[in-house]
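Chemist:
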Amino acid sequence: MATTSATEEAKESLKGLEAAVQQVKDTIFSADFWLSTGIFAIRILLIIVVAGVVVKVGQVLIRRFFAIKLKSPMRKTERREKTMIKLLENALKYIVYFSAILAVLTEFKIDVKGLLAGAGVLGLAVGFGAQSLVKDVISGFFIIFEDQFGVGDYVRINSGEGTVVEIGLRTTKIALYGGELYTVPNGQIGEVVNYSVTNSMVLLDLALSYETDIDHAEELIKEFLKRLPKDRYSEVIGVPEVLGVQSMEPSRILLRIAAETEPVANFNVGRKLRQDLKKFMDENGIKIPYPKMVIRDEHKEGDSYDGGQRV
Numbered sequence: 160m161a162t163t164s165a166t167e168e169a170k171e172s173l174k175g176l177e178a179a180v181q182q183v184k185d186t187i188f189s190a191d192f193w194l195s196t197g198i199f200a201i202r203i204l205l206i207i208v209v210a211g212v213v214v215k216v217g218q219v220l221i222r223r224f225f226a227i228k229l230k231s232p233m234r235k236t237e238r239r240e241k242t243m244i245k246l247l248e249n250a251l252k253y254i255v256y257f258s259a260i261l262a263v264l265t266e267f268k269i270d271v272k273g274l275l276a277g278a279g280v281l282g283l284a285v286g287f288g289a290q291s292l293v294k295d296v297i298s299g300f301f302i303i304f305e306d307q308f309g310v311g312d313y314v315r316i317n318s319g320e321g322t323v324v325e326i327g328l329r330t331t332k333i334a335l336y337g338g339e340l341y342t343v344p345n346g347q348i349g350e351v352v353n354y355s356v357t358n359s360m361v362l363l364d365l366a367l368s369y370e371t372d373i374d375h376a377e378e379l380i381k382e383f384l385k386r387l388p389k390d391r392y393s394e395v396i397g398v399p400e401v402l403g404v405q406s407m408e409p410s411r412i413l414l415r416i417a418a419e420t421e422p423v424a425n426f427n428v429g430r431k432l433r434q435d436l437k438k439f440m441d442e443n444g445i446k447i448p449y450p451k452m453v454i455r456d457e458h459k460e461g462d463s464y465d466g467g468q469r470v
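In the numbering used here, the protein residues as written are 160 to 470.
1) Looking only at DSSP bridge pairs, what is arginine 430 linked to?
2) Give the secondary structure of alanine 376 by DSSP, where H, G and I count as helix, E and B as strand, and everything else as coil.
3) From aspartate 435 to leucine 335, what does the alpha carbon distance come to, in whole angstroms?
4) Got a sec? Which residues, its chain only, sit under 7 Å from glycine 217 by beta carbon, not counting five neighbours each side?
5) Look at alanine 366 and leucine 413 and say whether their C-beta atoms are less than 9 Å apart.
6) Inspect the beta-carbon positions of threonine 331 and threonine 342 and report whether they are closer than 9 Å.
7) Could you tell me which of Val310, Lys431, Gln347 sits nearest to valine 293, measuring between CA atoms?
8) Using the DSSP secondary-structure output, state which residues sit across from methionine 360 in a beta bridge.
9) Can the beta-carbon of tyrosine 313 be found less than 9 Å from the beta-carbon of asparagine 353?
10) Assuming isoleucine 333 is part of the beta strand (DSSP E), what are its boundary residues?
11) Tell me which same chain residues have a C-beta within less than 8 Å of the C-beta of lysine 385, skipping the five on either side of it?
12) For methionine 407, which beta-bridge partners are listed by DSSP?
13) Out of Ser368, Val401, Ile302, Ala259, which has the shortest C-alpha to C-alpha gap to glutamate 382?
14) I'd like the list of long-range same chain contacts for valine 255, defined as Cβ closer than 8 Å, with 5 residues on each side in sequence excluded.
15) Using the three-state DSSP reduction, which class does asparagine 317 fall into: helix, strand or coil?
16) What do you get for leucine 432, buried or exposed, if any count of 16 or more other CB atoms within 10 angstroms of its CB means buried?
17) Answer with buried or exposed for threonine 265, where buried requires no fewer than 16 other C-beta atoms within 10 angstroms of its C-beta.
18) Determine, using beta carbons only, whether valine 428 and glutamate 394 come nearer to each other than 9 Å.
19) Taking its Cβ as the centre, do 16 or more other Cβ atoms sit within 10 Å of alanine 418, making it buried, or is it exposed?
20) Nearest CA to the CA of aspartate 374: which residue from Asp295, Phe267, Ile207, Ile445?
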């Protein structure tokens, strides 16, 4: 009896398998199946193509819009507009492709509303658990949107001063003068000093001895500043100006010179000016103060020593 029952079950299973195979054959060789499958594939492909076209057309329109603004006299800084172009292009790409993914999932009969509701709850939970991350992202967005600084700018942020090499929505990276890479979360960025936005100034205090004829020295230095070689001082804007006596100290007089330069070029221009001014002063007999020692001899009160020489 047990053998007969097992045989009957095997026959029923075999019949069920044959029915399933026949159903698959009927489905595969059915014109309706291939027609519906073709329409489904075309709809998926059409969604992908339309999304790609919308992104391309939108990016072209964004670039043309800002290209018109770049030619107008009332435009903002070019660097800010390039940053906004990139930001808008990325936002457009994310929105369109996300909508395309939802449309494809809908074609597969997947409950998109349930997924969105679950994603909202998950996002809320992540938001409560990662408040610092959210703060970093929001701060990064406003840094880019307000164009506080850009890649290549020389800035001072918190304890780091150097050239910005990367700006992300979460962190900002700065290459310091010594080659170190300083990374700071955007949410921790406090005051920002950007040296690359406007022209820089060189304020140079030139030390002169009290024996120097100040008026004559000023005239000579003014003539020297007017004849600065353009190839060596290409970063200088206009002619440097002699402002006059800045202070009178016990052993020297400080004569201040001001020069306007291109952004962040003041350090290099200042070094070259000091070097060339030293050579010019030596050639024209303008004395630079140096420490002096006076020795009084109790036996010869009228004598003194200047630099080791009796006077």
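For every residue, glycine included, the Cβ atom is placed at its ideal position computed from N, Cα and C.
This one's a predicted model, so the numbers in the text were calculated from it and none came from an experiment.
Modeler: Once the coordinates are examined:
1) In the DSSP assignment, no residue is bridged to arginine 430.
2) helix
3) Spanning the two alpha carbons is a distance of roughly 29 Å.
4) Leu251
5) yes
6) It is a contact, given that the beta carbons lie within the stated cut-off.
7) Gln347
8) Glu419
9) yes
10) 330-335
11) Here the set comprises Val398.
12) Ile412
13) Val401
14) Ala210, Val213, Val214, Gly217
15) coil
16) buried
17) Answer is exposed; the Cβ neighbour count stays below 16.
18) yes
19) buried
20) Ile445
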